[in-house]
Amino acid sequence: MIGAVVSLPDINKSTDAFEVDLDKKEILYPLSAIKSMSTTAVVEILKERKERGAFRDVFDFLSRVHKGTV
(Lines of atoms letter the chains of each structure in order from A and count residues from 1; the text may use other names and numbers.)
(Lines give C-alpha, C1' and ligand atoms only; values in the text may rest on other atoms or scores of the structure.)
Protein backbone atom coordinates (compact mmCIF):
# COMPACT_ATOMS: atom_id res chain seq x y z
CA MET A 1 0.00 0.00 0.00
CA ILE A 2 1.99 2.92 -1.34
CA GLY A 3 1.39 6.27 0.33
CA ALA A 4 -0.03 4.73 3.50
CA VAL A 5 0.24 6.58 6.78
CA VAL A 6 1.23 4.73 9.95
CA SER A 7 -0.80 6.26 12.77
CA LEU A 8 0.33 6.32 16.37
CA PRO A 9 -1.56 4.20 18.91
CA ASP A 10 -4.90 5.82 19.66
CA ILE A 11 -6.79 5.01 22.87
CA ASN A 12 -10.10 5.37 21.00
CA LYS A 13 -9.25 3.59 17.71
CA SER A 14 -6.41 1.11 18.27
CA THR A 15 -6.96 -2.55 19.13
CA ASP A 16 -4.55 -5.29 20.19
CA ALA A 17 -3.16 -5.83 16.67
CA PHE A 18 -2.09 -3.80 13.65
CA GLU A 19 -5.08 -2.83 11.49
CA VAL A 20 -5.24 -1.53 7.95
CA ASP A 21 -7.88 0.92 6.75
CA LEU A 22 -7.72 0.72 2.96
CA ASP A 23 -10.18 3.60 2.46
CA LYS A 24 -8.07 6.01 4.50
CA LYS A 25 -4.74 4.38 3.46
CA GLU A 26 -3.88 4.13 7.13
CA ILE A 27 -2.08 1.53 9.21
CA LEU A 28 -3.19 1.82 12.81
CA TYR A 29 -0.56 0.97 15.42
CA PRO A 30 -1.87 -1.34 18.17
CA LEU A 31 -2.06 -0.53 21.88
CA SER A 32 -0.16 -3.76 22.53
CA ALA A 33 2.92 -2.31 20.80
CA ILE A 34 3.35 0.41 23.44
CA LYS A 35 6.38 -0.37 25.58
CA SER A 36 5.42 -1.90 28.95
CA MET A 37 1.72 -2.16 27.99
CA SER A 38 0.49 -5.48 29.33
CA THR A 39 -2.05 -7.68 27.58
CA THR A 40 -4.26 -7.32 30.67
CA ALA A 41 -4.21 -3.52 30.32
CA VAL A 42 -5.10 -3.68 26.62
CA VAL A 43 -8.00 -6.04 27.34
CA GLU A 44 -9.26 -3.74 30.12
CA ILE A 45 -9.12 -0.66 27.86
CA LEU A 46 -10.83 -2.41 24.93
CA LYS A 47 -13.54 -3.85 27.18
CA GLU A 48 -14.33 -0.47 28.74
CA ARG A 49 -14.34 1.27 25.36
CA LYS A 50 -16.70 -1.38 23.90
CA GLU A 51 -19.11 -1.18 26.85
CA ARG A 52 -19.25 2.60 27.32
CA GLY A 53 -17.88 4.15 24.14
CA ALA A 54 -14.92 6.35 23.34
CA PHE A 55 -12.98 8.14 26.05
CA ARG A 56 -13.68 11.91 26.07
CA ASP A 57 -10.36 12.95 27.60
CA VAL A 58 -7.61 11.77 29.93
CA PHE A 59 -9.77 12.40 33.00
CA ASP A 60 -12.59 10.27 31.58
CA PHE A 61 -10.06 7.54 30.79
CA LEU A 62 -8.62 7.60 34.32
CA SER A 63 -12.06 7.47 35.92
CA ARG A 64 -13.19 4.48 33.84
CA VAL A 65 -10.23 2.07 33.88
CA HIS A 66 -8.93 0.12 36.84
CA LYS A 67 -5.74 1.83 37.98
CA GLY A 68 -4.17 -1.41 39.23
CA THR A 69 -4.53 -2.99 35.79
CA VAL A 70 -3.64 -0.05 33.61
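Residues 9 to 78 in the numbering used here are what the sequence shown lists, from first letter to last.
Beta carbons are placed, not taken as given, at the ideal position from N, Cα and C, and that holds for glycine.
Note that this is a predicted model, so its numbers are computed, not measured.
Assigned secondary structure, residue i (DSSP; H/G/I helix, E/B strand, else coil)
i          : result
residue 16 : coil
residue 31 : coil
residue 49 : helix
residue 68 : helix
residue 58 : helix
CB contact flag (residue i, residue j, <7 Å)
i          : j          : result
residue 36 : residue 15 : yes
residue 52 : residue 13 : no
residue 72 : residue 56 : yes
residue 19 : residue 67 : no
residue 26 : residue 17 : no
Closest residue to residue i among the options (Cα-Cα distance)
i          : options           : result
residue 75 : 24, 60, 42 and 46 : 46
residue 24 : 10, 49 and 62     : 49
residue 33 : 39, 70 and 10     : 10
Beta-ladder partner(s) of residue i, from DSSP
i          : result
residue 36 : 15 and 27
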